[in-house]
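Participant: In our numbering, the protein residues as written are 612 to 650.
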Amino acid sequence: TEAAKAGAAISVGCDLPVYNHELNPLPENMRAALVADLD
Numbered sequence: 612t613e614a615a616k617a618g619a620a621i622s623v624g625c626d627l628p629v630y631n632h633e634l635n636p637l638p639e640n641m642r643a644a645l646v647a648d649l650d
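1) Entirely within the stretch 623-650 and at least 4 residues each: give me those alpha helix (DSSP H) ranges in chain order.
2) Considering only heavy atoms of the ligand SAM, does any lie closer than 7 Å to the CB of L634?
3) On the three-state DSSP scale, how would you describe A617?
4) Apart from the five residues just before and just after S622, which ones in its own chain have a Cβ nearer than 8 Å to its Cβ?
5) Distance, Cα to Cα, A620 vs E639?
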């Protein structure tokens, strides 16, 4: 949490047999919205 608030990159993904997708790193606007929800 503290690293994300300090600007660290965040990655998200889904690793299922029928669906595999990754955002690495998460786009800045999405990263900022996620970090704002951590408070």
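Using N, Cα and C, we set each Cβ at its ideal position, and we do this for glycine too.
Facilitator: Taking the definition as stated:
1) 639-647
2) For the ligand SAM, the structure offers nothing, since it holds no ligand at all.
3) coil
4) E633, L634, N635, P636, L637
5) 9 Å
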